[in-house]
Amino acid sequence: MPPLHARPCCFMRMRVVVVSMPFFIFIMLLSIVSAHQTSSASLSLPSVDYASSDAASWESALRKAFVIPRAPGVLLVRNVPEYVDARKSALNGLAKCNRTSLKTTTLGDGRTKRHTVAANTGQAIRTDACDEQTLQAMETLRASVGDASSAALARLDDVLGTSTNSFFANAATQPDGLDHFHVYPGGGGGGDGGVDDDEHDGLHAHVDVGVAIAMVPALQLGDDNDNGNDNDSTPSSRGLVLFDDEGNTWEPTLPSDAVVILLGQGASTWALGAAA
């Protein structure tokens, strides 16, 4: 779990092709972790190498992630070109942006702040809050995440069968996605939105809209923006907790080189066979 003083940064891409709730509820507890969730079971997610030309490897990973009974609804795509360096550079730079110039939201606990910069897919991020090097790294990261999500979604049609009518491949190329970069300040209480105890969830359990969501594992920074803590290369949940419809919770293992792909209710509604 992230330490209470961590200052996590993350990136999400949402494919909002239909507006409905994802079938697999997920929560991003990126800065504040409440005590009652420390008993969540660990979970290793299905993964696939982006560069793999082995159709069987992709099919196996996609089936384990989205099709078989009790599938977790999450896939890790690893070894995406330029992704690792772009993630760390973009998220380190994001943490140093002028947050007073970013959109700021107070989360459900009434105390935790979330600072956001966003743009529609295909449109460059434009803000005076971040330096040019950070903006360039963000664009590289967005492109890498787009490559990973397109590779996964395009192959999902084949796994589910012709009844999808290329639904996922088409969704991956739609221009109406939305890309978000978030900073969740933590620790110390007061001033910058952090809290000084473990009784606050920060971002509560919630359901996102859309057909698919692509995320990068959070980068946890110390109070001095130390270019990522010493554990960034060590796989952990990075504050992400998954819930199922029976109330069970898991803390998935998220390696720093993975793009995290989730499906939404739009997927299971319009492409029957995508398991919850």
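Read left to right, the sequence shown gives residues -11 to 264 (our numbering). We put the CB at the ideal spot given by N, CA and C, even for glycine. For clarity, every value in this text was computed on a predicted model and none was experimentally measured.
Here's a check: name, in chain order, each residue in its chain whose Cβ is nearer than 8 Å to the Cβ of residue i, leaving out the five neighbours to either side.
i	result
E47	R143, D146 and V147
L90	H103, T104, V105, T115, A117 and V171
S154	D145
L31	P60, L230, W238, E239, P240 and T241
S45	V36 and D37
Taking DSSP as the reference, what is the three-state secondary structure of residue i?
i	result
N108	strand
G134	helix
S225	coil
G100	Rather than Gly, the amino acid found at residue 100 in this sequence is Thr. DSSP places T100 in coil when its eight states are reduced to three.
L129	helix
L144	helix
E234	coil
L250	strand
D245	coil
T274	Residue 274 lies beyond the residue range present for the chain, which begins at -11 and ends at 264; the question has no answer from this structure.
L207	strand
Under 7 Å between the Cβ atoms of residue i and residue j?
i	j	result
S221	E239	no
R66	S35	yes
V68	A131	no
L228	G61	no
T88	K101	no
S163	G110	The amino acid at residue 163 is misidentified as Ser; the sequence shows Pro. Against a cut-off of 7 Å, the Cβ pair of G110 and P163 comes out as a contact.
A78	A125	yes
A206	D167	no
Among residues of its own chain, excluding the 5 on either side of residue i, which ones have a beta-carbon nearer than 6 Å to its beta-carbon?
i	result
Y71	S132
D37	R66 and N67
D245	R66 and V72
N86	A117
Throw me the rounded Cβ distance for the residue i and residue j pair, which I believe falls under 8 Å.
i	j	result
L63	F54	7 Å
L242	A83	Incorrect: roughly 18 Å between the Cβ atoms, too far for contact.
T122	G81	3 Å
E127	A112	7 Å
Under 7 Å Cβ to Cβ from residue i, same chain only, skipping five residues before and after it: list those, please.
i	result
L141	F156, A157, A159, A160 and A200
A39	N67
R51	V147
A49	P34, S35, V36 and L63
Can you find a heavy atom of the ligand PLP that lies under 6 Å from the Cβ of residue i?
i	result
G227	For the structure depicted, the ligand PLP is absent and the ligand set is empty, with no information on it obtainable.
When the cut-off is 7 Å and only beta carbons count, does residue i lie next to chain D?
i	result
T128	Going by chain labels, chain D is absent from the structure shown, which holds only one protein chain.
Next on the checklist: Quick check on the DSSP output: what are the complete alpha helix (DSSP H) runs of length 4 or more inside the region 22 to 88, in order along the chain?
Outcome noted: 43 to 54 and 71 to 83
Next on the checklist: As an exercise, report each continuous beta strand (DSSP E) stretch of at least 3 residues that is fully enclosed by the region 154 to 178, in chain order.
Outcome noted: 165 to 171
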